[in-house]
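Heads up, the sequence shown is in the working numbering, so the first residue is 302 and it goes up one at a time.
Ideal Cβ positions, reconstructed from N, Cα and C, are used throughout, including at glycine.
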Amino acid sequence: MQKHNPDVPQRDPHSFSQPSAVCVQHVSLDLDLDFDQLQARGTCTLSLRRTDPSAPLWLDTEGLLIDSVMAVPMDTPVPFELGPRDPTLGQPLRIELPSACDRVRIVYRTAASGAAAMQWLSSAQTSGDQPFLFTQGQAILTRSWIPLQDSPAVRVTWDARIRAPKGLRPLMSAEERGGDAATGYTFAMRHPVPSYLIALACGKLEERIISARCAVWAEPEVVEAASKELEDMERMVAACEQLFGPYRWGRYDVLVLPASFPFGGMENPCLTFATPTILAGDKSLVALIAHELAHSWSGNLVTNATWRDFWLNEGFTVYLEQRIMEHVYGVERAKMEIALSMRQLAQELRTLPPGDQVLHIDLAGRNPDDGMTSIPYDKGAAFLRRLEQVFGRQRFDAFLRAYFDRYAFQSITTSQFSEWLQHDLLDQEPKLAATVDVPLWIETPGLPADAPFAESTAFLAVDVVREAVSSQKSAAALLALGDLDWNTQQWLRFLADLRVDAAVMAAIDTRHRLTTSGNSEVLCLWLELAIAADYAPAMPRLEQFLVTVGRRKFLKPLYEALLRTANGKERALAMYQKARPHYHAVAVRTLDELLGYAAPTGSGTQR
Ligand code: BES
Ligand code: ZN
Numbered sequence: 302m303q304k305h306n307p308d309v310p311q312r313d314p315h316s317f318s319q320p321s322a323v324c325v326q327h328v329s330l331d332l333d334l335d336f337d338q339l340q341a342r343g344t345c346t347l348s349l350r351r352t353d354p355s356a357p358l359w360l361d362t363e364g365l366l367i368d369s370v371m372a373v374p375m376d377t378p379v380p381f382e383l384g385p386r387d388p389t390l391g392q393p394l395r396i397e398l399p400s401a402c403d404r405v406r407i408v409y410r411t412a413a414s415g416a417a418a419m420q421w422l423s424s425a426q427t428s429g430d431q432p433f434l435f436t437q438g439q440a441i442l443t444r445s446w447i448p449l450q451d452s453p454a455v456r457v458t459w460d461a462r463i464r465a466p467k468g469l470r471p472l473m474s475a476e477e478r479g480g481d482a483a484t485g486y487t488f489a490m491r492h493p494v495p496s497y498l499i500a501l502a503c504g505k506l507e508e509r510i511i512s513a514r515c516a517v518w519a520e521p522e523v524v525e526a527a528s529k530e531l532e533d534m535e536r537m538v539a540a541c542e543q544l545f546g547p548y549r550w551g552r553y554d555v556l557v558l559p560a561s562f563p564f565g566g567m568e569n570p571c572l573t574f575a576t577p578t579i580l581a582g583d584k585s586l587v588a589l590i591a592h593e594l595a596h597s598w599s600g601n602l603v604t605n606a607t608w609r610d611f612w613l614n615e616g617f618t619v620y621l622e623q624r625i626m627e628h629v630y631g632v633e634r635a636k637m638e639i640a641l642s643m644r645q646l647a648q649e650l651r652t653l654p655p656g657d658q659v660l661h662i663d664l665a666g667r668n669p670d671d672g673m674t675s676i677p678y679d680k681g682a683a684f685l686r687r688l689e690q691v692f693g694r695q696r697f698d699a700f701l702r703a704y705f706d707r708y709a710f711q712s713i714t715t716s717q718f719s720e721w722l723q724h725d726l727l728d729q730e731p732k733l734a735a736t737v738d739v740p741l742w743i744e745t746p747g748l749p750a751d752a753p754f755a756e757s758t759a760f761l762a763v764d765v766v767r768e769a770v771s772s773q774k775s776a777a778a779l780l781a782l783g784d785l786d787w788n789t790q791q792w793l794r795f796l797a798d799l800r801v802d803a804a805v806m807a808a809i810d811t812r813h814r815l816t817t818s819g820n821s822e823v824l825c826l827w828l829e830l831a832i833a834a835d836y837a838p839a840m841p842r843l844e845q846f847l848v849t850v851g852r853r854k855f856l857k858p859l860y861e862a863l864l865r866t867a868n869g870k871e872r873a874l875a876m877y878q879k880a881r882p883h884y885h886a887v888a889v890r891t892l893d894e895l896l897g898y899a900a901p902t903g904s905g906t907q908r
């Protein structure tokens, strides 16, 4: 019988680890980065807490080549075995632990075809003349470059020494940075974090100081524009501290990656990873930084214990993001962003199967990535806005702060959240509590009817013009387009539900040059319309976009729009064939599935 460790809540269906028997507490990495072989090689030393003295150590791996396992400090070999490979979860690594052994060192290499978490970019795929590497751990990809217990319920402190070729600077999601090119760069994280937050990037990188605790990192060609765009970072951190309590991670830096980065942003502690597609030149897309920063509270401080609790990370973070935007950029900007997000949610609710419309989604047997829809994000945030509406901002803010304090540096489940909500908010105000149906919000499909209404008066005029243009009845409306002085959010509202033919698109383009827009969000919606309307002048831009930008949120709707056209499948596949070598494995997985693409055998996902 296994002894149960009460610190570890429940079995995680996306990990082979059994932390209730043996739990990894500290990870120590020593790695060489080989940009010729596209491989990381070295050792990973794990410090263990053993609750069940007879139990083996079960780790997660995906594609790793394990050379040996040693008991530390004696350096005696220890028996190990890789189990059968599951296509989603990878391979369990079972390590037989000698009695009293509480440290093991694993000598290993990442897969020769490329680790799923790692994207190795050739110099041609970056802004400058040097190659680049970055990792993306969330949700279950860390196991493809580090053998560990890859479950968000398991928190570890960690340190690392990374050696890279001359001229390339490694950076990690760490509180402390040291070392040098000669001896290897060193990193340390003293707070316990879930494995998906261990991240590494390496390239020709430069730093621009924003404030005493904030800096922007990027390739030299990008760093100036990036630091200009993100100059409000310190104001955002200060706003967060005022709203949600102290920032507990020391530094807050942002690394702007090459355009193939598969997400908008990733909240790696102390060092948010961000796509360069937020660099619009006018700060109109910086809500994404507010979002990743907010994860320093919701997600990194209080973490989802399993991926079915993902809404605790993202719903809270979208809510916090909206509060930061209101605080720093004003209530009207926040209202516009909320209205846009609710529209997105309404749209996605039309296509998602009922089971996937639930906040507390059952993801057992599936890739946790499948849970990354508007539901955890926008329905999650709507639930919190509903609570704010019922209990009042002052009371709800106090609840939030107490929640972050109570569960700081812990991983929790939805039922732990519900119990805390009951105890710290609902039970305090029974009359008000009677007006919120918590199980309806958390456990049932659809959007509850009491979801707070979100609208901005700045969109009224936009809707009028859009309806006129869509119905093509009003020539005056088209002419009026000439005088429009809309901000990014208004353009996004306009384009989101626009119905146009190629002639009208040409008229809009003449006045507003959307085909050459430097705003990636606007451009993406415009290209979607262009595909549907067969608006030929935008096609070269589409092709260029698809082979340079790897952000999945943009790629998916564009390929879907291609699929809906005549000969869509061939067109989409022709584009994809060219673009696929530029995408990270998480985008490749989604798009292979969407397009029914069968990779030629023997080829990895990289290059
Ligand atoms: N943590 C997520 C990204 C993520 C989620 C990666 C699940 C892998 C699995 C990040 O904080 C995020 O939500 N990014 C969004 C931007 C945000 C403004 C909604 C994105 O990348 O689009
Ligand atoms: Zn997020």
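Since residue i and residue j should fall inside the 8 Å C-beta cutoff, what is the C-beta to C-beta distance between them, to a whole number of angstroms?
i: Leu826; j: Leu793; result: 7 Å
i: Ile743; j: His661; result: 5 Å
i: Thr674; j: Asp610; result: In fact, because the Cβ distance is near 15 Å, the residues do not count as touching under 8 Å.
i: Leu506; j: Ala519; result: 7 Å
i: Leu349; j: Val325; result: 6 Å
i: His628; j: Leu544; result: 7 Å
i: Arg852; j: Phe564; result: 7 Å
Going by DSSP, which residues form a beta bridge with residue i?
i: Tyr486; result: Ile463, Gly480
i: Trp787; result: Trp787 is not bridged to any residue.
i: Ser712; result: Thr604
i: His327; result: Ser348, Thr458
i: Cys515; result: Tyr553
i: Val370; result: Ile407
i: Gln392; result: Thr362
i: Ile510; result: Ala516
i: Trp421; result: Leu434
i: Asp335; result: Gln340
Please state the DSSP three-state secondary structure of residue i.
i: Ala595; result: helix
i: Thr573; result: strand
i: Asp670; result: helix
i: Lys304; result: Legend: pLDDT at Lys304 = 41, less than 50; position of this residue unreliable, value from coordinates given subsequently. Coil at Lys304, not helix or strand.
i: Leu892; result: helix
i: Ala862; result: helix
i: Pro310; result: Caution is warranted here: a pLDDT of 48 is assigned to Pro310, below 50, making its placement in the model unreliable, and the coordinate value is therefore given only provisionally. Correct three-state label for Pro310: coil.
i: Glu382; result: strand
i: Gln319; result: coil
i: Asp387; result: strand
Under 8 Å, do residue i and residue j count as touching if we go by C-beta distance?
i: Asp798; j: Arg767; result: yes
i: Phe488; j: Ala461; result: yes
i: Pro577; j: Ala588; result: no
i: Lys584; j: Glu530; result: yes
i: Ala575; j: Leu558; result: yes
i: Ala591; j: Glu568; result: no
i: Asp353; j: Val323; result: yes
i: His492; j: Thr458; result: yes
i: Leu434; j: Leu334; result: yes
i: Glu861; j: Leu830; result: no
i: Ser316; j: Asp451; result: yes
i: Val555; j: Val517; result: yes
i: Pro654; j: Trp608; result: no
i: Ser445; j: Thr411; result: yes
i: Tyr620; j: Ala682; result: yes
i: Asp403; j: Arg478; result: no
i: Gln426; j: Leu469; result: no
i: Gly438; j: Ala418; result: yes
i: Asp725; j: Ala703; result: yes
i: Val379; j: Glu397; result: yes
i: Glu822; j: Thr849; result: no
i: Gly600; j: Cys571; result: no
For residue i, which of the options has the nearest alpha-carbon?
i: Leu586; options: Asn820, Pro858, Ala873; result: Asn820
i: Val645; options: Cys571, Pro374, Ala755; result: The amino acid at residue 645 is misidentified as Val; the sequence shows Gln. Minimum Cα distance to Gln645 is reached at Ala755.
i: Gly616; options: Gly631, Trp550, Ile510, Trp598; result: Trp598
i: Leu650; options: Gly666, Pro677, Ile625; result: Pro677
i: Ala837; options: Gln319, Ala804, Arg694; result: Ala804
i: Ala581; options: Val848, Leu824, Glu720, Pro882; result: Leu824
i: Leu330; options: Pro466, Ala500, Pro393; result: Ala500
i: Gly783; options: Arg800, Ala808, Asp764; result: Ala808
i: Ser428; options: Lys467, Ile441, Val373, Glu525; result: Glu525
Would the C-beta of residue i count as close to ligand 3, meaning under 7 Å from any of its heavy atoms?
i: Thr618; result: Because ligand 3 does not appear in the structure shown, any question about it cannot be addressed here, the ligands present being ligand 1 and ligand 2.
Would residue i count as contacting chain C if we go by Cβ distances under 8 Å?
i: Gly429; result: This model lacks chain C altogether; it includes just one protein chain.
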